[in-house]
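Inspection log for the structure reproduced underneath, given as structure tokens.
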Amino acid sequence: MPHYESEPSIDTSVKTGDWRDQLYEDGYVVVKGVLSPERAQSYVDRMFQWLETFPYGFKTDDKSTWDAEHLPAHMKGGMYHGYSVQHEKVMWDARMEPKLIETFAKLWGTDELLVSFDGMNLTIPTTERPVSEPWPHVDQSPLRKGMQCVQGILNLAPNGPKDGGLIVAKGSSKLNEQFFKAHEVIGRKTWGSTDWFGFQPEEVDWFLNRGCEMVKVCAEPGDLLLWDSRTIHYNVLPESQNTRAVMYICYTPAAFATPENLEKKKEIYEKRVGTTHWPHANIFQHTEKKLRLGKPDPCSRTRPHEEPDETEALLKLAGVLPYSQ
5 MPHYESEPSI DTSVKTGDWR DQLYEDGYVV VKGVLSPERA QSYVDRMFQW
55 LETFPYGFKT DDKSTWDAEH LPAHMKGGMY HGYSVQHEKV MWDARMEPKL
105 IETFAKLWGT DELLVSFDGM NLTIPTTERP VSEPWPHVDQ SPLRKGMQCV
155 QGILNLAPNG PKDGGLIVAK GSSKLNEQFF KAHEVIGRKT WGSTDWFGFQ
205 PEEVDWFLNR GCEMVKVCAE PGDLLLWDSR TIHYNVLPES QNTRAVMYIC
255 YTPAAFATPE NLEKKKEIYE KRVGTTHWPH ANIFQHTEKK LRLGKPDPCS
305 RTRPHEEPDE TEALLKLAGV LPYSQ
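Count the sequence shown with the working numbering and you get residues 5 to 329, in order.
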């Protein structure tokens, strides 16, 4: 069994006097105004344009096409992880936003970062919304100690209490290690090597009985939602008829990555496929085949519709180029 105790992490006992204190204490925080509302809307427009690139007849200006028959394959109402969406230019343009990078650089104390190859969520109003049960989980192995990965959602549309989105168990990150010491759960099905763990309802109650609180995180266009990967969380579908538009983006220090993981990351980037929320570790290619309307999708797109601009800064974030020779 692998051991990760010696891996680097953030010292969350240090007071910073800014938004990081809430992240350390509650396990999540909303960083306001990373993008302007106008800039956020431009990304929403481009995400809708991406849906129109498929041969299924989706039209942004025709709501009669806003249903599964006219959409590419997705999960849980609007999560897109196929079709090389992780490497679409619109995704990479967002990852390259200066204030977004600056926020994670402040968190980690370095601007030499790697970024995750994660997907996006465009949950649009529809009468065919699926039923989605809560799936409370963490994205960090109990074998890893400390704050080693902080996940991010770049929020692009108004997101209120009824608009769907991120649910967190406030304060659960601080009880994470205690829970896994008290429960014999190692070996339960996980995501990838070890970095996904799903909780049973009675296990969530264990946290709630110790003062944690389930919170729907609300945000405005251009806000950045951050949460410790040890925080229990899940996605909830909208009750409203508003569009949810977000991108899942996470950065960690390049120095955290081993040479082997950097090589894997470079290979995955060149294949234009996605991996996990982790930028520097747990690097493996998603292999699950998504079905569309219950059948294999004939649109087997394996490259982005629009390739990113491969600048030096982008290739460093992707792990293709080193920060120093």
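In this text, a Cβ means the ideal position worked out from N, Cα and C, and glycines have one as well.
Everything numeric in this text was worked out from a predicted model, so none of it was measured.
Exercise. If you run the structure through DSSP and keep just helix, strand and coil, what is Pro257?
Worked result: strand
Exercise. DSSP puts Ala173 in a beta bridge; with which residues?
Worked result: Met218, per the DSSP bridge assignment.
Exercise. Exposed or buried, Val18, counting other C-beta atoms within 10 Å across all chains shown (16 or more means buried)?
Worked result: exposed
Exercise. Can you give, in chain order, each stretch of the alpha helix (DSSP H) that sits fully within the region 228-314 and has at least 4 residues?
Worked result: 263-275
Exercise. Who does Met83 pair with in a DSSP beta bridge?
Worked result: Met79, Asn125
Exercise. Any idea if His187 is buried or exposed, counting beta-carbon neighbours within 10 angstroms, 16 or more meaning buried?
Worked result: exposed
Exercise. If you draw a straight line from the C-alpha of Met83 to the C-alpha of Asp313, how long is it?
Worked result: 24 Å
Problem set entry | Helix, strand or coil at His74 [DSSP, three-state] | helix
Problem set entry | Buried versus exposed call for Ser328 [16 or more other C-beta atoms within 10 Å across all chains shown] | exposed
Exercise. What distance in whole Å lies between the Cβ atoms of Gly226 and Val38, which are believed to be in contact at a cut-off of 8 Å?
Worked result: 6 Å
Exercise. My guess is that Leu55 and Pro76 are in contact by the Cβ rule of under 8 Å, so how many angstroms apart are they, rounded?
Worked result: 7 Å
For this session: Please name the residue in Thr107, Arg296, Tyr87 whose C-alpha comes closest to that of Asp122.
Result: Tyr87
Exercise. Would Cys254 be called buried (16 or more neighbouring beta carbons within 10 Å of its own) or exposed?
Worked result: buried
Exercise. To the nearest angstrom, how far is it from the Cα of Glu274 to the Cα of Gly215?
Worked result: 45 Å
For this session: In the DSSP assignment, find the beta strand (DSSP E) that holds Tyr60 and state where it starts and stops.
Result: Neither: Tyr60 is in no beta strand (DSSP E) and is coded neither H nor E.
For this session: Could you check the C-alpha separation between Ile171 and Leu321 for me, to the nearest Å?
Result: 28 Å
For this session: Please work out which residues of its chain come closer than 6 Å, Cβ to Cβ, to His74, disregarding the five sequence neighbours upstream and downstream, and give them in chain order.
Result: Tyr60, Gly61, Phe62
Problem set entry | Tyr32 (DSSP reduced to helix, strand or coil) | strand
Exercise. Excluding sequence positions up to five away, which residues of its chain have a Cβ less than 8 Å from the Cβ of Gly31?
Worked result: Val172, Ala173, Lys174, Gly175, Ser176, Ser177, Lys178, Trp231, Asp232, Arg234, Thr235
Exercise. Using 8 Å as the Cβ pair cut-off and three pairs as the minimum, do the region 90-98 and the region 296-316 touch?
Worked result: By the C-beta criterion, the region 90-98 is judged to be in contact with the region 296-316, since at least 3 inter-stretch pairs fall below 8 Å.
Exercise. Roughly how many whole angstroms lie between the Cα atoms of Tyr238 and Val35?
Worked result: 19 Å
Problem set entry | Beta carbon of Thr247 nearer than 7 Å to that of Ala161 | yes
Exercise. If you compare alpha carbons, which of Arg296, Cys303, His284, Glu316 is closest to Gln144?
Worked result: His284
Exercise. Roughly how many angstroms lie between the CA atoms of Ala317 and Leu212, to the nearest whole one?
Worked result: 43 Å
Exercise. Got a sec, what are the start and stop residues for the beta strand (DSSP E) Leu158 sits in?
Worked result: Its beta strand (DSSP E) spans residues 154-159.
Problem set entry | For Val119, the first and last residue of its enclosing beta strand (DSSP E) | It spans 117-119 - the beta strand (DSSP E) in which Val119 sits, taken as one unbroken run.
Exercise. Is Gly196 helix, strand or coil by DSSP?
Worked result: Because the pLDDT at Gly196 is just 48, under 50, the model does not fix this residue reliably, and the value given afterwards should be weighed accordingly. Reduced to three states, the DSSP call for Gly196 is coil.
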